[in-house]
Structures are given as C-alpha cells and as structure tokens.
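These protein sequences, in sequence, are chains H and Z. The first sequence maps to residues 4 to 180 in this note's numbering. The second sequence maps to residues 322 to 445 in this note's numbering. Glycine included, each C-beta is placed from N, C-alpha and C at the ideal position. To keep things clear, I will list the structure first and then write my remarks on it.
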Amino acid sequence: MIGAALKRLTGTGGVDAFGRIEALRSEIVVAKAEIADLAALPVPRAEAEAALDAALARLGQQGADALTSGLSSLTRPERRPEFAPELGTSDLLALVVALNAQTVRATVGKALDVVYRGRKALPPMAARKAKTAELEAKIIAAEIEEERLIRAVEAAGIPILRRADADPRAVLARIVQ
Amino acid sequence: VNIQFDSAARLAHLARVAEVKAAEARDLQTRRNAVAQLIGQKRREQAIFAPHEMNRDAKRFDELKAEIAALEGERDDLDETFRIASAGSTDALRLHEACDFFAAQNGLPRPSIFSSRSHGGVIA
Chain H
4 MIGAALKRLT GTGGVDAFGR IEALRSEIVV AKAEIADLAA LPVPRAEAEA
54 ALDAALARLG QQGADALTSG LSSLTRPERR PEFAPELGTS DLLALVVALN
104 AQTVRATVGK ALDVVYRGRK ALPPMAARKA KTAELEAKII AAEIEEERLI
154 RAVEAAGIPI LRRADADPRA VLARIVQ
Chain Z
322 VNIQFDSAAR LAHLARVAEV KAAEARDLQT RRNAVAQLIG QKRREQAIFA
372 PHEMNRDAKR FDELKAEIAA LEGERDDLDE TFRIASAGST DALRLHEACD
422 FFAAQNGLPR PSIFSSRSHG GVIA
C-alpha cells in the first residue's frame, strides 16, 4: 500500500516527493547560512570611517561647547574672573577630540587597519539588506513548497516528520495542492 | 510575502500529529521495558541451569543463552527506534507549540479549547 502511495507521489523527472523535500531542506539550510554569514560580516571600511568621522564631529562640537560653557565667569563684571567650565565625565572624550581630532582619528584608524587587514571588498550595507530580503523570500517560498509536499505525503498515508524549526507561516498556511 | 492562513485546522492537525508521535514513542518505550524485563527473567532462569548449580543443564543453559542474545538484539533495535521516535515526538511537540505561539501572537484563529482535537492530549 505504501509502495503504491509512493508511486503516486513520484514527480516528474524521476524526482520523488522525499527527494524534493530533502533538496528543499538543503536549500533552506544553505540560504539561512548565507544570511548568517552576511550578518556576521563587518560593515565596509568606508562606512566604518564615515561613522568615525560623524562621531568625531559630534564629539568635537560637544567638547568645544563644554570648554566654553563657563565663559561668563571670566567676562561678567559682577564676578571675580575665574575660568571654571562645567565639565561632566561624559565631556572628557569630547574634550580630547575637540583639542586633537586628528590624533584620535589616526589612532582609531590604525585599529581599523587591523580589523580590515586581508579582507576582500565588503558589500555595502544597503546591498546586504537587499540580499537578506531576497534570501528570506527564497526561504519562505522553499518552506511553503516543503509543507505542500509534506501534506501530499501525509495525505497518501505515509508517515513523515516536519522540521521542529519549520517556519510557522508555512506550516499554518492555506496551501492549494 | 502574502500568505493566507488556515491556522485553526492546521494547529489541530499538528496537535494530532504530536499526539500520534508521542503515543508511538510511549509504545516503543513500553515494548523496550518489557523486553528488558524478559531478559532479566531469562538470565535468572539461566542461572538455575548454570554448570556449578545443582540443577545444571548444559543444553537448557545454552538455549537460554541464545534466547537472551536474541532478546538483547531486539532490545538494541528497540532502543534505536525509540530514540528516533522520541526525537520525532519532541520535534512535533515543539513545532506545535511554536505554531500555536505564532498564531496567538498574530491574532490568528486557534482550535477551540473545548474541541477534543484542540490539544490532542499533548498539552495536558
């Protein structure tokens, strides 16, 4: 009886339902690994440097503001001249940057050299986002096809196990056989 | 991706599948325990016919030895089958729970708690 049911499930090109399910599961594993690899890559060097420049500009401004915050204590006639800028601990790095942005940039740049040494060109973040979305669409399509085949196998009375990590969207989907 | 859901029916099906898998695993465990008990019984019986015992009977002793070896083979096969069935049962239960959680999170219809098919004895 199972033999006959299996024959009914044999698809075109000699690929049976079980073989197709295995192939889909492999596709899913590969696509998920590709997404994980993309997520683990560092951002491109240029983007890291742009972020550093933006941070240095912000910190430099913060440091300059902090340094000149107590200016009235020097200039107001009713006060005894005393230079006492209002500095918090969070202003210390900002102060260093404000006074010597080039040295800070060079030091952090050297550390970035170590991180990026020997790396090939890294895809820009926008391209990674698009690639991840493409892979996710591929995975859900594969999961839905896998679930369609599993239901066909079940309907033929053949025991088959779903993956414990199957996507609930696919498992709960309304699928036309 | 635009997906239409049939969540209540699918969840009920997953619960039934999980129930069947759990029953299979339980059945295999019961059979495995029965075989293990039988092996113990045969060993005790074999000891009665051992060469140093008063009721020594070499023929019966060897017959029991062969029976025990066959039962041990059966027990090993059952161990492996139980291991696979148990993993399948756990997977089916985990998937049902994940899908039920997904349905709850997304406000999708779930089987009625008054339906005998809604839990399939799995949750209890």
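Can you find a C-beta in chain H that's less than 7 Å from the C-beta of Z/G409? For the purposes of this step, residue 409 of chain Z is identified with residue 88 of the second sequence, where counting begins at 1. Judged by the 7 Å Cβ criterion, Z/G409 is in contact with chain H.
Just the Cα atoms here: how many angstroms apart are H/D19 and H/P162? Numbered from its first residue, the first sequence carries residue 19 of chain H at position 16. Numbered from its first residue, the first sequence carries residue 162 of chain H at position 159. Cα to Cα, the separation comes out at about 15 Å.
Distance check for H/A49 and H/R120, CA to CA, integer angstroms please. Residue numbering aside, residue 120 of chain H sits at position 117 when the first sequence is read from its first letter. Residue numbering aside, residue 49 of chain H sits at position 46 when the first sequence is read from its first letter. Cα to Cα, H/R120 sits roughly 14 Å from H/A49.
From H/Q65 to H/A124, what does the alpha carbon distance come to, in whole angstroms? In the first sequence, residue 65 of chain H corresponds to position 62, counting from 1. In the first sequence, residue 124 of chain H corresponds to position 121, counting from 1. Distance between the alpha carbons of H/Q65 and H/A124 is about 34 Å.
Using alpha carbons as the reference points, say which of Z/E395, Z/L332, Z/A371, Z/E374 lies closest to Z/I360. As a position in the second sequence, residue 360 of chain Z is number 39, starting the count at 1. Out of Z/E395, Z/L332, Z/A371, Z/E374, Z/E395 has the C-alpha closest to the C-alpha of Z/I360.
Which of the three DSSP states, helix, strand or coil, is assigned to H/A20? Here residue 20 of chain H refers to the residue found at position 17 of the first sequence. In the structure shown, H/A20 sits in a helix (DSSP, three-state: H, G or I).
Write down the C-beta distance between H/L59 and H/L98 rounded to the nearest angstrom, noting that I regard them as a contact closer than 8 Å. As a working mapping, residue 59 of chain H is identified with position 56 in the first sequence. As a working mapping, residue 98 of chain H is identified with position 95 in the first sequence. With a Cβ gap of about 13 Å, H/L59 and H/L98 do not count as contacting.
Against chain H, does Z/I324 count as a neighbour if the rule is that its beta carbon must be under 7 Å from one of theirs? Locating residue 324 of chain Z in the second sequence gives position 3, where the first residue counts as 1. Answer yes: the Cβ-Cβ gap between Z/I324 and chain H drops below 7 Å somewhere.
Would H/A2 pass as an interface residue toward chain Z - the criterion being a Cβ-Cβ separation below 7 Å? Nothing about residue 2 of chain H can be read from this structure; chain H reaches only from 4 to 180.
Would you report the Cα separation of H/A109 and H/M128, rounded to the nearest angstrom? Along the first sequence, read from residue 1 onward, the residue named residue 109 of chain H stands at position 106. Along the first sequence, read from residue 1 onward, the residue named residue 128 of chain H stands at position 125. Those two C-alpha atoms are separated by around 24 Å.
H/A51 by DSSP, collapsed to three states: which one? Here the question's residue 51 of chain H lines up with position 48 in the first sequence. Correct three-state label for H/A51: helix.
If you count every other CB in all the chains shown that lies within 10 Å of the CB of H/G160, and 16 or more means buried, which is it? Taking the first sequence and counting its residues from 1, one reaches residue 160 of chain H at position 157. It is exposed - the Cβ of H/G160 has fewer than 16 other Cβ atoms within 10 Å.
Answer yes or no: does any C-beta atom of chain Z fall closer than 7 Å to that of H/L138? In the first sequence, counting from the first residue as 1, residue 138 of chain H sits at position 135. No, its Cβ sits nowhere closer than 7 Å to a Cβ of chain Z.
Note down, in chain order, every chain H residue with its Cβ under 8 Å from the Cβ of Z/S328. To locate residue 328 of chain Z, count along the second sequence from 1; it is residue 7. Per Cβ cutoff of 8 Å: L175.
Neighbour-count burial assignment, H/R165, 16 or more Cβ in a 10 Å radius: Here residue 165 of chain H corresponds to residue number 162 of the first sequence, with the count starting at 1. Classification for H/R165: buried.
Mind listing the chain H neighbours of Z/L399? Cutoff is C-beta to C-beta under 7 Å, in chain order. Within the second sequence, numbered from 1, the residue matching residue 399 of chain Z stands at position 78. Residues of chain H passing the Cβ test: none, with the nearest at roughly 18 Å.
H/A169 beta carbon less than 7 Å from that of Z/D412: Taking the first residue of the second sequence as position 1, residue 412 of chain Z is located at position 91. Taking the first residue of the first sequence as position 1, residue 169 of chain H is located at position 166. It is not a contact, given that the beta carbons lie outside the stated cut-off.
Under 7 Å, do Z/K449 and Z/S410 count as touching if we go by C-beta distance? Summary: the structure shown does not reach residue 449 of chain Z, with chain Z confined to residues 322 through 445, and so no result is reported for it.
I want to know whether the stretch 76-83 of chain H touches the stretch 25-34 of chain H - three or more CB-CB distances under 8 Å. no
Contact check, H/I38 vs H/L115, beta carbons under 7 Å: Mapped onto the first sequence, residue 38 of chain H falls at position 35. Mapped onto the first sequence, residue 115 of chain H falls at position 112. It is not a contact, given that the beta carbons lie outside the stated cut-off.
Can you tell me whether H/V171 is buried or exposed? The criterion is at least 16 other CB atoms within 10 Å of its CB, across all chains shown. The residue labelled residue 171 of chain H in the question sits at position 168 within the first sequence. In the sequence under discussion, the amino acid at residue 171 of chain H is Pro, which differs from the Val named in the question. By the 10 Å Cβ count, H/P171 comes out buried.
Less than 6 Å between C-beta atoms, sequence neighbours within five positions excluded: which residues of the same chain meet that for Z/G442? The residue labelled residue 442 of chain Z in the question sits at position 121 within the second sequence. Unreliable placement is indicated for Z/G442, whose pLDDT of 42 sits below 50; the coordinate value is still reported in the next sentence. So the list reads E340, once near-sequence residues are dropped.
Hey, is Z/I444's beta-carbon within less than 7 Å of any beta-carbon in chain H? Mapped onto the second sequence, residue 444 of chain Z falls at position 123. Caution is warranted here: a pLDDT of 43 is assigned to Z/I444, below 50, making its placement in the model unreliable, and the coordinate value is therefore given only provisionally. With 7 Å as the cut-off, Z/I444 does not count as an interface residue toward chain H.
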